[in-house]
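Just so you know, the first sequence maps onto residues 3 to 694 in the numbering used here. Note that the Cβ used here is the ideal one computed from N, Cα and C, for glycine as well. All values reported here derive from a predicted model rather than from experimental measurement.
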Amino acid sequence: MRDESSIAEDVAAADEPSAHEGPPMTELERIRHSCAHVLATGILRLWPEAQFAYGPPVENGFYYDVELPHRISPEDFEQIEAEMRKEIKANHRFERSVVSREQALEMARRGELAALGPRSEPSKFKLDLIESIPANEEISLYRNGDFLDLCAGPHVMRTGNIGAFKLTSVASAYYKGDERNPQLQRIYGTAFKNKTQLDEYFAMLEEAKKRDHRKLGKELELFTFDEDVGPGLPLWLPRGAAIIEELEKLAKETEFAAGYQRVRTTNLARESLYLKSGHLPYYAESMFPPMELNEDKDEIAMLEGRIVAARSVLEQHLSSRATDEEDASCNDVQFERAINAAMEANDIPAHVLEAFEEKNRCQTRLVFLNQQPRRYYLKAMNCPHHHKLFDAVPRSYRDLPLRFAEYGYCHRYEQSGELFGLMRVRSLQMNDAHIYCTPEQFESEFNAVNQMYLRYFKLFGIEKYIMRFSTHDPERLGQKFVDEPELWRQTEEMVRGVLQRSGINYVEVPNEAAFYGPKIDVQVWSAIGREFTIATNQVDFAQPRRFDLTYKDRDNTDKTPLCIHRAPLGTHERFIGFLIEHYAGNFPLWLSPEQVRILPIGDDAPLIDYSRAVLDELRANYVRAELDDSSDKINGKIQRAEQMKVHTMLVIGKRDMEANAVSVRVHGQGNLGAKPRDQAVAGILAAIKDRS
RNA sequence: GCCGAUGUAGCUCAGCUGGUAGAGCAACGGUUUCGUAAACCGUAGGUCACGGGUUCGAAUCCCGUCAUCGGCUCCA
3 MRDESSIAED
13 VAAADEPSAH
23 EGPPMTELER
33 IRHSCAHVLA
43 TGILRLWPEA
53 QFAYGPPVEN
63 GFYYDVELPH
73 RISPEDFEQI
83 EAEMRKEIKA
93 NHRFERSVVS
103 REQALEMARR
113 GELAALGPRS
123 EPSKFKLDLI
133 ESIPANEEIS
143 LYRNGDFLDL
153 CAGPHVMRTG
163 NIGAFKLTSV
173 ASAYYKGDER
183 NPQLQRIYGT
193 AFKNKTQLDE
203 YFAMLEEAKK
213 RDHRKLGKEL
223 ELFTFDEDVG
233 PGLPLWLPRG
243 AAIIEELEKL
253 AKETEFAAGY
263 QRVRTTNLAR
273 ESLYLKSGHL
283 PYYAESMFPP
293 MELNEDKDEI
303 AMLEGRIVAA
313 RSVLEQHLSS
323 RATDEEDASC
333 NDVQFERAIN
343 AAMEANDIPA
353 HVLEAFEEKN
363 RCQTRLVFLN
373 QQPRRYYLKA
383 MNCPHHHKLF
393 DAVPRSYRDL
403 PLRFAEYGYC
413 HRYEQSGELF
423 GLMRVRSLQM
433 NDAHIYCTPE
443 QFESEFNAVN
453 QMYLRYFKLF
463 GIEKYIMRFS
473 THDPERLGQK
483 FVDEPELWRQ
493 TEEMVRGVLQ
503 RSGINYVEVP
513 NEAAFYGPKI
523 DVQVWSAIGR
533 EFTIATNQVD
543 FAQPRRFDLT
553 YKDRDNTDKT
563 PLCIHRAPLG
573 THERFIGFLI
583 EHYAGNFPLW
593 LSPEQVRILP
603 IGDDAPLIDY
613 SRAVLDELRA
623 NYVRAELDDS
633 SDKINGKIQR
643 AEQMKVHTML
653 VIGKRDMEAN
663 AVSVRVHGQG
673 NLGAKPRDQA
683 VAGILAAIKD
693 RS
């Protein structure tokens, strides 16, 4: 399971090559970090030329990055693990020594670091890592048996203290996490104090697999992906769509009460919109490539035809007047000159005059048409469209704050390797809204949005979350971030102040802002330990300016509003993916795709009629209820309903019918016994209404 | 996009070192009339992801493509 500190750890693991800084390790981390050294020892026994980069403990184990011509595959694990077991059995001490910078560099040059002894090739990554250790820091080495490594430690006392370990996977990773650096093989493993804990860990992984949203989504018939539709483009089955409808109902009610207005915009817009917004070029690689439309093609062809016809009339006219030295079959410029001159005359026939005018009319019109195809893009974000809605009507300070909400589809061209079930998709429905406000209104609007998050989290029982405040990187202005240094500074200062005053727990993460302004992401952890950005809240100073959005202030001057982008429920795709894992598919009644299933015992006509009457009553109240009139026995019907995680089952036998009752069974709770029909129905309706 | 792994019926999975593709559940047709997690019998269902190659013969071996998964990079 992941905790809040894991963000810091991951950042440290990614950004801190030497591990020469950072918080002290826990006992388990020391075991895992030591196991990484043992892994390197094992690999070197098999491939002495291996070059190691760094090998820290991570959330669920450890890894070591290695460069090696041989491609390590899971088939090699057994062999490597055998070498590792020998090293653990030898029970070598982890011996720490401190060396001078020059000594360390010398050893690296001799290939002795992350090695079993001197080698012909230098330990090149270690050489580089030594360079990055700050001058005032001590340089330490750790030895276990023959293996010596540059390492800040700490370690367990002896290799034998690594109770139980297992190699788990191999992946590739860029050296220092930078795409421009060489790719290394990253060997992952995990280690625990003892075999029992190791086994428990793998058993836990098996359990986690059962609540994986991709597995449950298929089993519960919530959504599907189809090759003909395309990767990352989920299709929602009726049961999944039911959840979407409930979430939208929730959002619409909440937002209506909070003074939002709903708008609707298109999925497609011309290139010019996104040039204005800055999505092109700042966001271009996340957008689907454009489609090109020859919008004026037909009109251009028609005009050109008419020009040709008119010109032939004019040419005829010219040639009829031609003197010996004049040639009517001349180039365009000469023709224009000649015809203009000819039109000076007084005796021009009417049809020639008409052709002349027709030609000029057509040529003038052509100037205003697009000869080049026009580009249209699928929208990746709603904001540019909403800005246009702001701009569609003159705005006064009295209109602010103006809050436009839309649950629209956006399409983003995520890289193929990024796609991940529902959590990372290419078509997404965002719980989006844009709040246009004055700087004075910013704080209360911003806090109101945060309050909305907290209410939602309470409703869904989300207890663990953290806000990440992402700021810009001054060095990437004009590349990743709009080039407005002063506005960035002011806005970040403003947001930081609001966050601090509101007392919300947050961490500040540099360089991860949106291109148009700083943002706050809300990270949550699904029940199986995955971490996600579920909601987002961003400040946009850039786009309102780029769109020249203004409102008339009290003093009759035009001012530019601030814009807050916010999506407390994130996207349906990710949010539902999260909820599936959060609830393990056992949705509360209000969200349950099938809220009630009626299970008659037997199929006697009166019993079926009674069951159907109960069904009709529920459906008349918009309850998603079904009747199982199959020929299964009652145990079979219950089994099937339980497997589909139907929330409430109403078992109806002869006894119930005669008492005008139903027997209530709730998924996960079992048989709750018979209840009067009215009472049971009322209870269901009340629970749905309260979202309890 | 990069590295690695995987791809057999709607689902879960068998199918040895190449010799004509199998089970359970689901579906469909019957029989059964059952009080809280699976009644019984039968029927149908697959171009073994796709495309090439090797071979007398390929689900199986080789190459390529696509998709998914584990990571990396990216990320509202």
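> So, is E23 buried or exposed, given that buried needs 16 or more other C-beta atoms within 10 angstroms?
Replying inline: Looking up residue 23 in the first sequence gives position 21. Unreliable positioning characterises E23 in this predicted model, as indicated by a pLDDT of 45, which lies under 50. The coordinate reading is nonetheless provided below. The residue in question, E23, is exposed, as its Cβ has fewer than 16 Cβ neighbours within 10 Å.
> Would you report the Cα separation of Y177 and F64, rounded to the nearest angstrom?
Replying inline: Here the question's residue 177 lines up with position 175 in the first sequence. Here the question's residue 64 lines up with position 62 in the first sequence. Spanning the two alpha carbons is a distance of roughly 16 Å.
>> Less than 8 Å between the beta carbons of A210 and G147, yes or no?
In response: The sequence position of residue 210 within the first sequence is 208, counting from 1. The sequence position of residue 147 within the first sequence is 145, counting from 1. Going by C-beta atoms, A210 is not nearer than 8 Å to G147.
> Within 10 angstroms of its Cβ, does N384 collect 16 or more other Cβ (buried), or is it exposed?
Replying inline: As a working mapping, residue 384 is identified with position 382 in the first sequence. Answer is buried; the Cβ neighbour count reaches 16.
>> Suppose the cutoff is 7 Å on Cβ atoms and the five residues either side in sequence are ignored; what does the same chain contact list for L118 look like?
In response: As a working note, residue 118 is residue 116 in the first sequence. If we look at L118 and ignore the five residues flanking it on each side, its Cβ neighbours are L46, P50, D148 and F149.
> Closest to R400 by CA distance: which of E416, E420 and Q443 is it?
Replying inline: By 1-based counting over the first sequence, the position of residue 400 is 398. Residue Q443 is the option with its Cα nearest to R400.
>> Under DSSP, the beta strand (DSSP E) around Q336 begins and ends at which residues?
In response: As a working mapping, residue 336 is identified with position 334 in the first sequence. No beta strand (DSSP E) holds Q336; the alpha helix (DSSP H) holding it covers D334 to A344.
>> What does DSSP give as the partner residue(s) for C565 in the beta ladder?
In response: Counting from 1 along the first sequence, the entry for residue 565 is found at position 563. Answer by DSSP bridge pairing, in chain order: Y438 and D542.
> On the three-state DSSP scale, how would you describe E510?
Replying inline: For the purposes of this step, residue 510 is identified with residue 508 of the first sequence, where counting begins at 1. It is a strand residue.
>> Please classify F517 as buried or exposed, where buried requires at least 16 other C-beta atoms within 10 Å of its C-beta.
In response: The sequence position of residue 517 within the first sequence is 515, counting from 1. Buried, since its Cβ has 16 or more Cβ neighbours within 10 Å.
> Hey, quick one: how far does the alpha helix (DSSP H) through D151 stretch, first residue to last?
Replying inline: Taking the first sequence and counting its residues from 1, the one referred to as residue 151 is at position 149. Not the alpha helix (DSSP H): D151 falls in the beta strand (DSSP E), residues F149 to L152.
>> Please state whether the Cβ-Cβ distance between Y438 and A537 is less than 8 Å.
In response: The count along the first sequence starts at 1 and reaches residue 438 at position 436. The count along the first sequence starts at 1 and reaches residue 537 at position 535. Contact: no.
> Hey, T493 and F543 are a contact pair by Cβ (cut 8 Å); roughly how many whole angstroms apart?
Replying inline: Against the first sequence, residue 493 aligns to sequence position 491. Against the first sequence, residue 543 aligns to sequence position 541. That belief holds up - the Cβ atoms of T493 and F543 are roughly 5 Å apart, short of 8 Å.
> Taking C-alpha atoms, which residue in L48, P602 and V500 lies nearest to R657?
Replying inline: The residue you call residue 657 lines up with position 655 of the first sequence. Of L48, P602 and V500, the residue nearest in Cα terms is P602.
> Can you give the Cα-Cα distance for E416 and R272, rounded to whole angstroms?
Replying inline: For the purposes of this step, residue 416 is taken as residue 414 along the first sequence, with counting starting at 1. For the purposes of this step, residue 272 is taken as residue 270 along the first sequence, with counting starting at 1. Looking at the two C-alpha atoms, the distance is approximately 21 Å.
>> Using 8 Å for Cβ pairs, my map puts H388 next to V541. What's the rounded Cβ distance?
In response: The residue labelled residue 388 in the question sits at position 386 within the first sequence. The residue labelled residue 541 in the question sits at position 539 within the first sequence. Contact flag wrong, Cβ pair sits at about 15 Å.
>> Give me the residue from L282, L70, L380 and A407 with the minimum Cα distance to F392.
In response: For the purposes of this step, residue 392 is identified with residue 390 of the first sequence, where counting begins at 1. Checking every option, the nearest Cα to that of F392 belongs to A407.
> Which term fits L295, buried or exposed, when burial requires 16 or more other beta carbons within 10 angstroms of its beta carbon?
Replying inline: Within the first sequence, residue 295 is the residue found at index 293, counting from 1. Looking at its Cβ environment, which holds fewer than 16 other Cβ atoms inside 10 Å, L295 is exposed.
> What is the residue span of the beta strand (DSSP E) that E356 lies within?
Replying inline: Working through the first sequence from its first residue, we reach residue 356 at position 354. That residue, E356, is in no beta strand (DSSP E); its alpha helix (DSSP H) goes A352 to V369.
>> Does the segment 189 to 205 come into contact with the segment 219 to 232, if we say contact requires no fewer than three beta-carbon pairs (one atom in each stretch) closer than 8 Å?
In response: no
> Cα separation between A689 and S171?
Replying inline: Here residue 689 is taken as the residue at index 687 of the first sequence, counted from 1. Here residue 171 is taken as the residue at index 169 of the first sequence, counted from 1. Going by the C-alpha atoms only, they are around 46 Å apart.
> Quick one: Cα of T43 to Cα of R145, how far?
Replying inline: Residue numbering aside, residue 43 sits at position 41 when the first sequence is read from its first letter. Residue numbering aside, residue 145 sits at position 143 when the first sequence is read from its first letter. Whole-angstrom Cα-Cα distance: 10 Å.
> Are the beta-carbon atoms belonging to T535 and Q525 less than 8 Å from one another?
Replying inline: Position 533 of the first sequence, counted from the start, is the residue given in the question as residue 535. Position 523 of the first sequence, counted from the start, is the residue given in the question as residue 525. Closer than 8 Å, so yes.
> Quick one: is N333 buried, meaning 16 or more other Cβ sit within 10 Å of its Cβ, or exposed?
Replying inline: Here the question's residue 333 lines up with position 331 in the first sequence. Looking at its Cβ environment, which holds fewer than 16 other Cβ atoms inside 10 Å, N333 is exposed.
> By how many angstroms is the C-alpha of I610 removed from the C-alpha of V683?
Replying inline: Within the first sequence, residue 683 is the residue found at index 681, counting from 1. Within the first sequence, residue 610 is the residue found at index 608, counting from 1. Computed Cα separation, rounded: 18 Å.
> Near G155, what residues of its chain come up, given a Cβ to Cβ distance below 7 Å and the 5 sequence neighbours on each side ignored?
Replying inline: Counting from 1 along the first sequence, the entry for residue 155 is found at position 153. R98, S142 and Y144.
> By Cβ distance below 7 Å, which residues in the same chain neighbour R548 in space, the five residues on each side in sequence not counted?
Replying inline: Mapped onto the first sequence, residue 548 falls at position 546. These residues qualify, in order along the chain: K278, S279 and G280.
> Hey, how far is the Cα of C364 from the Cα of I309?
Replying inline: In the first sequence, residue 364 corresponds to position 362, counting from 1. In the first sequence, residue 309 corresponds to position 307, counting from 1. Approximately 7 Å between the Cα atoms of the pair.
> Using the C-alpha atoms, what's the distance from E255 back to P71?
Replying inline: Sequence index remark: in the first sequence, residue 71 carries index 69 (1-based). Sequence index remark: in the first sequence, residue 255 carries index 253 (1-based). Each residue's alpha carbon lies about 60 Å from the other.
>> I'd like to know whether the C-beta atoms of I468 and N507 end up nearer to each other than 8 Å.
In response: Looking up residue 468 in the first sequence gives position 466. Looking up residue 507 in the first sequence gives position 505. Going by C-beta atoms, I468 is nearer than 8 Å to N507.
>> Given this structure, state the Cα-to-Cα distance separating D550 from P563, to the nearest angstrom.
In response: Locating residue 550 in the first sequence gives position 548, counting from the first residue. Locating residue 563 in the first sequence gives position 561, counting from the first residue. Cα-Cα distance, rounded: 10 Å.
>> By the three-class DSSP mapping on this structure, what secondary structure does G685 have?
In response: Here the question's residue 685 lines up with position 683 in the first sequence. Correct three-state label for G685: helix.
>> Just to confirm my understanding: we take F589, look at its own chain, exclude 5 residues before and 5 after, and list those with CB closer than 6 Å. What are they?
In response: Taking the first residue of the first sequence as 1, we reach residue 589 at position 587. Excluding residues within five positions, none has a Cβ falling inside 6 Å.
>> Closest to A450 by C-alpha separation, out of A244, G261, A607 and S694, would be which residue?
In response: Locating residue 450 in the first sequence gives position 448, where the first residue counts as 1. Among A244, G261, A607 and S694, the Cα nearest to that of A450 belongs to G261.
> Whose C-beta lies closer than 7 Å to the C-beta of N623 among residues of the same chain, with five residues either side of it excluded?
Replying inline: Start at 1 with the first residue of the first sequence, and residue 623 comes out as number 621. Correct list, in chain order: L687.
> Which of helix, strand or coil does DSSP assign to L237?
Replying inline: Reading the first sequence from its first residue, position 235 is the one you call residue 237. In this structure, L237 counts as strand in the three-state DSSP scheme.
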